[in-house]
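Written out below as structure tokens is the structure these notes cover.
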Amino acid sequence: AKAHGRNTLRFFDPQMQAAATARSVLEGDLRQGLLRQELLLYYQPVVNDQQRITGVEALVRWAHPQRGMVSPGEFIPLAEQTGLILPLGQWVLEQACAQLVQWADRPETRHLTLSVNVSARQFRHPDFVQLVLDTLSRTGANARCLQLELTESLLLTDVEDMIAKMTELRMEGLRFSLDDFGTGYSSLSYLKRLPLDQLKIDQGFVRDVLVDPNDAAIVRTILALAGSLDLAVVAEGVETEGQLDFLRQSGCRAFQGYLFGRPAPIDRLEQAQGLSLAT
Ligand code: C2E
Ligand code: CA
Ligand code: CA
Ligand code: CA
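Residue numbers (UniProt numbering): 525 to 803.
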């Protein structure tokens, strides 16, 4: 192999080889896991100024038979690279819609918005709009209760296509939120053109908002920007009363974070909130 030159050597780098092997094992496991129904959804509350729950975000978990609960930070990037995000994302959407149908029966839950994370690769799929509409009609879920969370990475590609898809789904009643806002690539001109309903302030800015004047300034700027564009704002990763006070004083009206509730299975969320969120 060495005869082919120095570059060939990297194929024998034991560390890279080990990482590649671990990845393909995990990929095989994830493929199996999807079939064996090892995935589940956790739900985290989103609360308003009165700390009443107005919605929840669905966050996927993987109950791996050997490794225990695997967090999405580990397997979502892998799912994106391998294309498994398509069946995975479809599964999440179906679960979320089924949950909405259950909530629709109860006066105390029928107003709740359910937010679902959509990866760039999933959104870019040419059939994405049709898949969402089919899932809604098959399950009977109310499109007005469903919000899709997109990230700024989508802005690196076909923005016209993105706007067209969002517009079509919004006409059916869905809403759109831009997740992790401030960490990515949005220019202000895109932000103005996108048919968005909401921005989510990334938890990275919220974390140090009381100690880092730059983060405080960024948070205030995002709130002002959202105000002038008529967008709702959710602050993510709120863990302390101090952060909450700062955010409220800066005009933020919706919050998500451990202070109000950790992501949990729906029955545990129900207990914590004193709500009948499940059947
Ligand atoms: P995200 O959409 O930004 O979700 C927020 C993350 O912050 C979640 O991590 C949540 O558990 C965590 N979090 C919530 N409150 C707090 C807090 O107060 N403090 C701290 N330190 N963390 C908090 P999680 O559940 O591990 O998810 C990580 C990421 O994986 C998500 O980030 C999202 O990008 C992705 N993800 C999760 N579920 C899905 C899914 O169904 N589809 C896709 N495409 N991506 C998903
Ligand atoms: Ca999210
Ligand atoms: Ca986020
Ligand atoms: Ca994030």
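Every residue, glycine too, gets a C-beta built ideally from N, C-alpha and C.
For this session: Spell out the partners DSSP gives I725 in its beta bridges.
Result: According to DSSP, I725 bridges with F705 and A759.
Problem set entry | Alpha carbon of P589 to alpha carbon of R645, nearest angstrom | The C-alpha of R645 is placed about 27 angstroms away from the C-alpha of P589.
Exercise. Exposed or buried, L698, counting other C-beta atoms within 10 Å across all chains shown (16 or more means buried)?
Worked result: By the neighbour-count rule (16 or more Cβ atoms within 10 Å), L698 is buried.
For this session: Going by DSSP, name the residue or residues bridged to R699.
Result: By DSSP's assignment, R699 forms a beta bridge with Q671.
For this session: Report whether the distance from the Cβ of D704 to the nearest heavy atom of ligand 6 is below 7 angstroms.
Result: Ligand 6 is not part of the structure shown, which contains ligand 1, ligand 2, ligand 3 and ligand 4 as its ligands.
Exercise. Mind checking T545: buried by the 16 CB within 10 Å criterion, or exposed?
Worked result: Exposed, because fewer than 16 other Cβ atoms sit within 10 Å of the Cβ of T545.
Problem set entry | Cβ-based neighbour list, L783, same chain, cut-off 8 angstroms, excluding 5 preceding and 5 following | Excluding five sequence positions before and after L783, the CB atoms of its chain that fall closer than 8 angstroms to its own CB belong to V762, E763, T764, E765, Q767 and L768, given in chain order.
Problem set entry | Given D732 as reference, the closest of E760, D721 and G708 once Cα atoms are compared | Comparing Cα-Cα distances from D732 to each of E760, D721 and G708, the minimum goes to E760.
Exercise. When you compare each of T745, L636, P601 and S643 to V616 by their alpha carbons, which one comes out closest?
Worked result: Considering only T745, L636, P601 and S643, the residue with the shortest C-alpha distance to V616 is S643.
Exercise. N641: beta carbon under 7 angstroms from a heavy atom of ligand 2?
Worked result: Within the cutoff, so yes.
Problem set entry | Heavy atom of ligand 3 within 7 angstroms of E604 beta-carbon | No, ligand 3 has no heavy atom inside 7 angstroms of this Cβ.
Exercise. Alpha carbon to alpha carbon, how far is R648 from Y566?
Worked result: Roughly 25 angstroms between the two C-alpha positions.
For this session: Output the residue ranges of the alpha helix (DSSP H) runs that lie fully inside the region 601-648 and measure 4 residues or longer, sorted by chain position.
Result: Runs of the alpha helix (DSSP H) lying entirely within the region 601-648 and spanning at least 4 residues, in chain order: 609-628 and 644-648.
Problem set entry | Local conformation of N738 per DSSP, three classes | N738 falls in the helix class under three-state DSSP.
Exercise. Can you name the start and end residues of the alpha helix (DSSP H) that Q539 belongs to?
Worked result: Going by DSSP, Q539 is part of the alpha helix (DSSP H) stretching over P538 to L559.
For this session: Consult DSSP for G766 and reduce its assignment to one of helix, strand or coil.
Result: In the displayed model, G766 falls within a helix according to three-state DSSP.
Exercise. Out of curiosity, what's the CA-to-CA distance linking V594 and G552?
Worked result: Approximately 15 angstroms between the Cα atoms of the pair.
Exercise. Any heavy atom of ligand 2 closer than 7 angstroms to the Cβ of E581?
Worked result: With a cut-off of 7 angstroms, the C-beta of E581 is classified as near ligand 2, since at least one heavy atom of the ligand falls inside that distance.
For this session: Whole angstroms is fine: what's the gap from R555's alpha carbon to L608's?
Result: Taking the straight line joining both Cα atoms gives about 7 angstroms.
Exercise. Would V653 pass as a contact of E692 if the rule is Cβ separation under 8 angstroms?
Worked result: Going by C-beta atoms, V653 is nearer than 8 angstroms to E692.
Problem set entry | Beta-carbon proximity of L723 to A750, cut-off 8 angstroms | With contacts defined by Cβ atoms closer than 8 angstroms, L723 and A750 form a contacting pair.
For this session: For G761, verify whether its CB is less than 7 angstroms away from any heavy atom of ligand 1.
Result: For ligand 1, at least one heavy atom lies less than 7 angstroms from the Cβ of G761.
For this session: Can you tell me the Cβ-Cβ gap for C669 and L718, rounded? I've got them flagged as a contact below 8 angstroms.
Result: 21 angstroms between Cβ atoms; not a contact.
For this session: Out of V570, Q575 and G592, point me to the one whose CA is closest to A582's CA.
Result: Closest option to A582, Cα to Cα, is V570.
Problem set entry | Close Cβ partners of T637 (< 7 angstroms) along its chain, the five nearest in sequence each way excluded | Contacts found: T578, G579, C669 and Q671.
For this session: To the nearest angstrom, report how far apart F700 and I687 are at their CA atoms.
Result: Going by C-alpha positions, F700 is about 11 angstroms away from I687.
Exercise. So is the beta-carbon of E673 under 7 angstroms away from any non-hydrogen atom of ligand 2?
Worked result: A heavy atom of ligand 2 is found nearer than 7 angstroms to the CB of E673.
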